[in-house]
Every structure is written in structure tokens, then in C-alpha cells.
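Residue numbering for the sequence shown is 10 to 121, as defined by the numbering used here.
Think of the CB as a built atom: it goes at the ideal place given N, C-alpha and C, for glycine as much as any other residue.
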Amino acid sequence: MDAWIWGAVVLAIVLVIAGGIAWWLARGCVLTIIGATGAILGGLVALISLVLLLDPDVGLRVAFIVTVGSGVWLLAWALAGGIRGQRMLRAEQRAEVDARAVRVPVMVASRH
Numbered sequence: 010m011d012a013w014i015w016g017a018v019v020l021a022i023v024l025v026i027a028g029g030i031a032w033w034l035a036r037g038c039v040l041t042i043i044g045a046t047g048a049i050l051g052g053l054v055a056l057i058s059l060v061l062l063l064d065p066d067v068g069l070r071v072a073f074i075v076t077v078g079s080g081v082w083l084l085a086w087a088l089a090g091g092i093r094g095q096r097m098l099r100a101e102q103r104a105e106v107d108a109r110a111v112r113v114p115v116m117v118a119s120r121h
């Protein structure tokens, strides 16, 4: 049973680290920060459940459910943030192309 508990502890720590990395890479994207916050809190709750619950089986079950839920939470919000960022980048590129099209001088031959 000790191997299962240590595995759950390592997985919860990895989840906290993944949340921290996602937060660091978010660069102000609120969607990704929401996902990172959930992952960090979920990892901490999983660690706390392993330490505080007296029955190891219940602690492992709670840690598993919270870890999987937090991992899915992080994945979903990080994907949403990435999709939003990609859409914003494409809109910015389209606006830049439109601005260039407006600034291009049109050469008109004058008849004298």
C-alpha cells in the first residue's frame, strides 16, 4: 500500500508543478490562469487528503478523484486559453493586413 500512497503523492506534486508551469506560461490569459489555479488547488487537496484521512483506501480514492478532476480541469482551460489566443492572433493579423491595404497608395496617371 505504501507504493500506492507514494505514487499518489508524486502525482499530486506533479499536478501542482504543472499548474505552476501553466500559470507561468499563461502571460495574462485569464482562461489559462483559471485552469492553473484549479490544478494547483486540486493537487494540494489531493496531498491533504492523503495526509489527513485516517483510512488509506479512502485517502487514495479521494486523491485519485481530485487529481483526475484537476488534471482534466487544467487541460480544458488551457485548451480554451490556447484557442482564444490563436483566434486573437488571427484577428490581429487580419487587422494588420487590412491596415496595410488602406495605406497602400494608388498610382493614378494624370492626364494633362
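Close CB contacts of G29 within its chain, under the 8 angstroms cut and outside five residues either way in sequence, are with A45 and I49 (chain order). Distances from the alpha-carbon of V25 to those of A55, L40, A35 and G37 put A55 closest. Taking 8 angstroms as the cut-off, the Cβ atoms of S58 and G68 count as close. Between T41 and W86 the beta-carbon gap is near 6 angstroms, inside 8 angstroms, which marks them as a contact. In the three-state DSSP reduction, G90 falls in the helix class (H, G or I). If you look at D64, you'll find it isn't in any alpha helix (DSSP H); DSSP assigns it neither H nor E.
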